[in-house]
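One structure below.
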Amino acid sequence: MTVRILGISGSPRHGNTEIALKEALAGAAEVKDVETELYSIVGKTLNPCTGCFKCGTEEATPEIPCPQWGDDDITKLVRRMRDDFDGFVIGNPVYIGTISAQIKMIFDRAIMMTEGGRLGPVTLRNKVCGVVISSWDRNGGHDLAAIDTWRWAILHDMIVVGVGPERIDCNNYWAGCVVQAYTPNHPDGGKGIWWAKANSLEERTAVKFDTLGLAQCRNTGRRVAELAKVIKAGFDSLSREDTYWPRGGCGGFEGTAWGSK
Ligand SMILES: Cc1cc2nc3c(=O)[nH]c(=O)nc-3n(C[C@H](O)[C@H](O)[C@H](O)COP(=O)(O)O)c2cc1C
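The numbering used here puts the first residue of the sequence shown at 5, with every later residue one more than the last.
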C-alpha cells in the first residue's frame, strides 16, 4: 500500500522553507512505500477568496468549483490535495509573526472543500497534516504560524501531528522550526548579517546550518507519513458499515446539508 505526501511551500521564494520541506519529505520517504512531492507557490497565480460564496452555489461545477477565479492555480492545487494525497506538510515562512499571506490565500480558498463547497463536502477529512516553519529569528513567530495552520487543518477534519517520538532528541514537540540567524553551526553564528545579504543565495539557504531544526522537520515528515499510512490501512481493513462516517468526504448523506453537493 502506497501513501502520498505533499509538501506545500508558502514562500514566494525558492529558499529556506523549501529546505525545511525537503527535509520533512525525506523523513516521510523513510517510511516504506511513501511517495512525496514538493509544491511551491513560486510562479503560481494566487487569487484571494472574495467571499462571493459562489463555490457553494449551482454556478460551481466540479470542473470550475470557484466561479470567481475559474480553474486557477489554487483550484488546481486544492483539487490535487483532495484527489492525490493522503497527508501534507505545510511549509510556512514566518511573515510578521505568523503565516504568509500567500498560504493564507490557499487556506481561505480551500473553503471550496468544506461543507458547502463544490469540491466538498469535507473532503480533506482524515488526511494528516504536519507543519514546518522557517524564520529569521529563533523566536520569530513559529508558534503562531503553527497554530494558525493547525486551526485550518482541524477545520477540515484533518489530523494534526507534531514532531513525533524523537521530539526530546531534537528539542521540539510541535513542528519543524528552522531559523536563519544565530544558528550555532553557522560559520559566523549568523549574527546580524542578513539585511545586508537579503535574498542572496547565502541568505536563502541559511537554515541548512540549523541541524537541530532540520531534524525536527525530518521527524515531522516521518510522523505525517506514518500516521497517513495507518489511517489508510485502517479504512482499507474496515467495511463502510464499520464506521459512522465514510473515509474521506462526507458524501453519501443525501438529504443532509453535506449530502446535497
Ligand atoms: C514580509 C516579511 C516578514 C517577515 N517577518 C518575520 C518575522 O516576523 N519573524 C522572523 O523571525 N522572520 C520574519 N521574516 C523573515 C522570514 O521569515 C525568513 O527569512 C524565512 O526564513 C523566509 O523563508 P524563505 O527563505 O523560504 O522565503 C519576514 C520576512 C518577510 C519578507
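Here a beta-carbon is modelled for each residue, glycine too, at the ideal position from N, C-alpha and C.
The model shown is predicted, which means the values in this text are computed figures rather than measured ones.
Beta-carbon proximity check, residue i vs residue j, cutoff 7 Å
i	j	result
residue 156	residue 111	yes
residue 34	residue 171	no
residue 10	residue 92	yes
residue 95	residue 21	yes
residue 86	residue 39	no
residue 82	residue 117	yes
residue 104	residue 14	yes
residue 76	residue 68	no
residue 64	residue 113	no
residue 126	residue 88	no
residue 140	residue 202	no
residue 98	residue 145	yes
residue 236	residue 147	no
residue 183	residue 142	yes
residue 12	residue 211	no
residue 132	residue 228	yes
residue 37	residue 6	yes
residue 106	residue 159	no
residue 178	residue 150	yes
Coil, strand or helix - residue i by DSSP
i	result
residue 205	helix
residue 8	strand
residue 241	helix
residue 132	strand
residue 17	coil
residue 28	helix
residue 246	helix
residue 252	coil
residue 187	coil
Cα-Cα separation between residue i and residue j, rounded to whole angstroms
i	j	result
residue 257	residue 129	Unreliable positioning characterises residue 257 in this predicted model, as indicated by a pLDDT of 44, which lies under 50. The coordinate reading is nonetheless provided below. Roughly 15 Å between the two C-alpha positions.
residue 213	residue 204	16 Å
residue 252	residue 47	31 Å
residue 31	residue 138	17 Å
residue 245	residue 238	13 Å
residue 173	residue 224	13 Å
residue 28	residue 166	12 Å
residue 216	residue 175	7 Å
residue 208	residue 73	32 Å
residue 231	residue 71	35 Å
residue 19	residue 45	12 Å
residue 55	residue 62	16 Å
residue 66	residue 189	50 Å
residue 59	residue 219	40 Å
residue 26	residue 222	8 Å
residue 57	residue 115	9 Å
residue 152	residue 206	29 Å
residue 199	residue 164	35 Å
residue 120	residue 53	15 Å
Near ligand 2: residue i beta-carbon under 6 Å from a heavy atom
i	result
residue 60	Ligand 2 is not part of this structure, which contains only ligand 1.
Which residue spans inside the region 36-104 form an unbroken beta strand (DSSP E) run of at least 3?
With a minimum length of 3 residues, the continuous beta strand (DSSP E) runs that stay inside the region 36-104 are 38-44, 91-97.
Taking only runs of the beta strand (DSSP E) that begin and end inside the region 118-182, which ones reach a length of at least 3 residues, in chain order?
Taken in chain order, the unbroken stretches of beta strand (DSSP E) that lie wholly in the region 118-182 and span 3 residues or more are 132-139.
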